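J.: Below is one structure. I have some questions about it.
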Amino acid sequence: MRRHVGLIHSHWFMGVAILTLSAAPGCMLGPNFEKPAPPMQQEWMDPNHPGIQRGPAEVTQWWDVFNDPDLNILIQQAYENNPSLHAAAVRVLQAQAARGIAVGLLFPQQQTATGSASWTQSSENAGAPRPETSDIAGRLGWIRDPAGKLGERAFGNPGIDNRFGNWDMFGLNVGWELDLFGRYRRGIESADAAVLATLANYDDVLVSLIAEVATEYVLLRTLEEQLEIVRQNLAIQKEGQAVVQNRRDAGTATELDLAQSQALVFETESLIPATEASIQQTRVALCTLLGMPPQDISTLVGRKRPIPAAPEKVNLGIPADLLRRRPDVRRAEHVLASQCANIGIAMTDLYPRFSLVGDIGLSAQHFPDLFRGNSFQVFAGPSVRWAILNYGRLENNVRVQDAAFQALLGEYENLVLRAQGEVERASAGLVGAQRQIAPLTSSVEAAARAVRVAQEQYKGGIADYIRVLVAQQFLISEQSRLVGTRGAAAQNLVTLYRALGGGWELREGKDLVPPRIKDQMKNRTNWDGMLDADRFDTPAPVIAP
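Residues in the sequence shown are numbered from 44 upward in steps of one, following the working numbering.
Next up, the structure:
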């Protein structure tokens, strides 16, 4: 018993020494990620324009600039109910769980509790030869009589118990691959970056969702004003047609005048169903964004509202702010960091992999002896694996990962360039639309006067009806252009704020996954508290053994 106790103590001290060595930090192969410096302009192309300011961009809740309660309600409802946004939120949890797997690989990768019991009875026609049959014949299973003649077969071994049992209980098998070259630590780096990438993807989905809701809402209000203009002009044209009809009946107007007035009325009437169809299509699009099936949303947008007006001045900040604020740029950066860590993981395959293996437990042939001191058994030792003859596969895998990193770097730089271009195009569109509003407003006023003058001259017999038709057609055209330009200005502002990466801050201080979906997931799987802590901006700190 004392000998076994000594063995236990020696193995225990060996284990402590090995664990101490394994906990010592080893080298980490592969490059460390450094934030790239993409090509950035120092300032916007038209920084001196009075409508473009250099002050910090106010993009946190940018839709407040429209001062439209209906729009605020729609955005909040989309944030709470949009399925695509919910899917992006769950992917963040998925990445968090995957990170937990990466952290777990730092600890013993194999931990198996074992236990077994067996009972065996060997065949009576098989067995070891008897001791006295040591010659060749005996080895073949025959026995010689006293005279030396061969007799009965020796198998069966009478007198020897051919039944036996074996008990292995309370066994623990452990295998631990040491992270000497940073394989698993690089894996955690990659997983950390993947979590941040999925969180940035959620922000990008949220930014796009808010912009799409605002765009559809602006389009809806624009179409409603277009429809109102058509109806107003139709009423005016019908009044003019009645005048022509009376004059035709009196013989002071020609059949041509009447036909032209009727044609204009019919043309204007045809615009109504087309505009109404566009309004209905826009409402259906809003339903989808709000996470509801197509239905009447008059309770949400039924109140008569004007087209949201864009402010005269907008702060853009500086181009470098895009790297910090735009979630798609942040996502691309985190994907790049994750791939950089994958290079190091691939490089570790070129080096040997050291492991510690051990087995401890109780073993006995008979169950009553299982818990005696001399039934204790232990095995421990190191192992090494090294893929020496890999025929270039491992080196090429490193090259594959490095090429993937370089390709992602090019995509990142291109994304930054496109982000700057989107801001420039949206700001140019906004400025251009705003500059058109004033002259178009004057044009509409002049066109309205022209219609009144033409009608008076026609009634007085000074002008023919063709002048009235031309004036009315020009009026409805200019009114439509003005409404469209006001809508375009608002939509360009929405596009500008989207290009600036505004709106994702709406999630701050709130759970990413709504309670309804959390309950569904809890009913299926044990999430061990992860669903109750999904308000985060960065992954949890790295856990090391």
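Even for Gly, the Cβ is constructed at its ideal location relative to N, Cα and C. In this text the structure is predicted, and so the values were computed from the model without any measurement.
Verify whether the separation of the beta carbon atoms of Ala353 and Leu239 is less than 8 Å.
T.: No, they are not a contact pair.
J.: What residue from Glu268, Thr155 and Glu551 has the CA that sits closest to Ser321's CA?
T.: Checking every option, the nearest Cα to that of Ser321 belongs to Glu268.
J.: CA-CA distance, Gln516 and Pro316?
T.: So the alpha carbons of these two residues sit roughly 19 Å apart.
J.: Comparing alpha-carbon positions, which option in Ala132, Gly147, Val217 and Leu128 lies nearest Pro425?
T.: Ranking Ala132, Gly147, Val217 and Leu128 by Cα distance to Pro425 puts Val217 first.
J.: Given this structure, state the Cα-to-Cα distance separating Arg567 from Ser470, to the nearest angstrom.
T.: Computed Cα separation, rounded: 48 Å.
J.: CA-CA distance, Phe422 and Asp402?
T.: When rounded, the distance between both Cα atoms is 5 Å.
J.: Who are the near neighbours of Val287 in its chain, counting only those whose CB is closer than 7 Å to its CB and skipping five residues on each side?
T.: Around Val287: Ala296, Asp300, Leu301, Ser304 and Tyr508.
J.: Please state whether DSSP places Asp222 in a helix, a strand or coil.
T.: Three-state DSSP puts Asp222 in coil, outside helix and strand.
J.: Measure the alpha-carbon distance for Lys502 versus Ser523 and round it to whole angstroms.
T.: Approximately 27 Å, taken between the alpha carbons.
J.: Please classify Ala423: does DSSP put it in a helix, a strand, or coil?
T.: DSSP places Ala423 in strand when its eight states are reduced to three.
J.: In three-state terms, what does DSSP make of Gly401?
T.: Of the three classes helix, strand and coil, the one that applies to Gly401 here is strand, per DSSP.
J.: Among the residues of its own chain, which have a CB less than 8 Å from the CB of Asn338, if the five just before and after it don't count?
T.: As written in the sequence, residue 338 is Gln, which differs from the Asn given in the question. The answer, listed in chain order, is Cys330.
J.: Shortest alpha-carbon distance to Gly225 belongs to which of His92, Thr311 and Leu72?
T.: Answer by Cα proximity: Leu72.
J.: By the 10 Å Cβ neighbour count, where 16 or more other Cβ atoms means buried, how is Ile386 classified, buried or exposed?
T.: Buried, since its Cβ has 16 or more Cβ neighbours within 10 Å.
J.: Which residues in the same chain have their Cβ closer than 8 Å to the Cβ of Glu312, if we skip the five residues on either side of it in sequence?
T.: Around Glu312: Leu277.
J.: Helix, strand or coil for Arg173? Go by DSSP, reduced to three states.
T.: Because the pLDDT at Arg173 is just 46, under 50, the model does not fix this residue reliably, and the point stays unresolved.
J.: Tell me the rounded alpha-carbon separation between Ala66 and Met390.
T.: The predicted model places Ala66 with a pLDDT of 46, which falls under 50 and marks its position as unreliable, so this point remains unresolved.
J.: In the DSSP output, what is Thr103 paired with across the bridge?
T.: Partner(s): none; Thr103 has no beta bridge.
J.: Bridge partners for Gln154 per DSSP, in chain order?
T.: Bridge partners of Gln154: Val217.
J.: Excluding sequence positions up to five away, which residues of its chain have a Cβ less than 8 Å from the Cβ of Arg229?
T.: For Arg229, where only same-chain residues beyond five positions count, the Cβ hits under 8 Å are Met71, Leu72, Gly73, Ala384, Asn385, Gly387, Ile388 and Thr391.
J.: So, with DSSP's three-state summary, where would you put Ile505?
T.: Ile505: coil per DSSP, three-state reduction.
J.: Apply the 10 Å Cβ neighbour rule to Gln85 and answer buried if 16 or more other Cβ atoms are within range, or exposed otherwise.
T.: Answer is exposed; the Cβ neighbour count stays below 16.
J.: In the DSSP output, what is Ile231 paired with across the bridge?
T.: Partner(s): none; Ile231 has no beta bridge.
J.: Should Leu50 be labelled buried (16 or more other beta-carbon atoms within 10 Å of its own) or exposed?
T.: Only weak support is given to the placement of Leu50: the predicted model assigns it a pLDDT of 39, under 50, and the question is left unresolved by the model.
J.: Taking contact to mean at least 3 C-beta pairs separated by less than 8 Å, is the stretch 551-561 in contact with the stretch 107-114?
T.: No, the stretch 551-561 does not touch the stretch 107-114.
J.: Is Arg492 helix, strand or coil when you go by DSSP?
T.: Three-state result, Arg492: helix.
J.: Can you tell me the Cα-Cα spacing of Leu604 and Glu255, whole angstroms?
T.: Absent from the structure is residue 604, since the part of the chain shown begins at 44 and ends at 588.
J.: What number of angstroms, rounded off, separates the C-alpha of Leu366 from the C-alpha of Ile144?
T.: Cα to Cα, the separation comes out at about 30 Å.
J.: Relative to the C-alpha of Thr155, which candidate in Leu266, Ser485, Trp219 and Gln137 has its C-alpha closest?
T.: Nearest option by C-alpha distance: Trp219.
J.: What whole-angstrom Cβ distance do Leu76 and Ala380 have, given they're in contact under 8 Å?
T.: For the record, residue 76 in the displayed sequence is Phe; it is not Leu. At roughly 4 Å, the Cβ-Cβ gap stays under 8 Å, so Phe76 and Ala380 are in contact.
J.: Here's the rule: buried if 16 or more other CB atoms are within 10 angstroms of the residue's CB, otherwise exposed. What is Gly360?
T.: By the 10 Å Cβ count, Gly360 comes out buried.
J.: Between Thr538 and the ligand MN, is there a pair consisting of the residue's CB and a ligand heavy atom that are separated by less than 7 Å?
T.: Of ligands this structure carries none, so the ligand MN is not represented either.
J.: Decide yes or no for the touch test of the stretch 99-108 against the stretch 530-546: beta carbon pairs closer than 8 Å, at least 3 of them.
T.: At 8 Å Cβ cutoff, the stretches touch.
J.: Taking the alpha helix (DSSP H) that Tyr122 falls in, what are its first and last residues?
T.: It spans Pro112 to Asn124 - the alpha helix (DSSP H) in which Tyr122 sits, taken as one unbroken run.
J.: Where does Gln591 fall in DSSP's three states?
T.: Absent from the model: residue 591. The displayed extent of the chain is 44 to 588, so no value can be given.
J.: Looking only at its chain, what residues have a beta carbon closer than 8 Å to the beta carbon of Arg290, apart from the 5 residues adjacent to it on each side?
T.: Excluding positions up to five away in sequence, the list reads Ala296 and Asp300.
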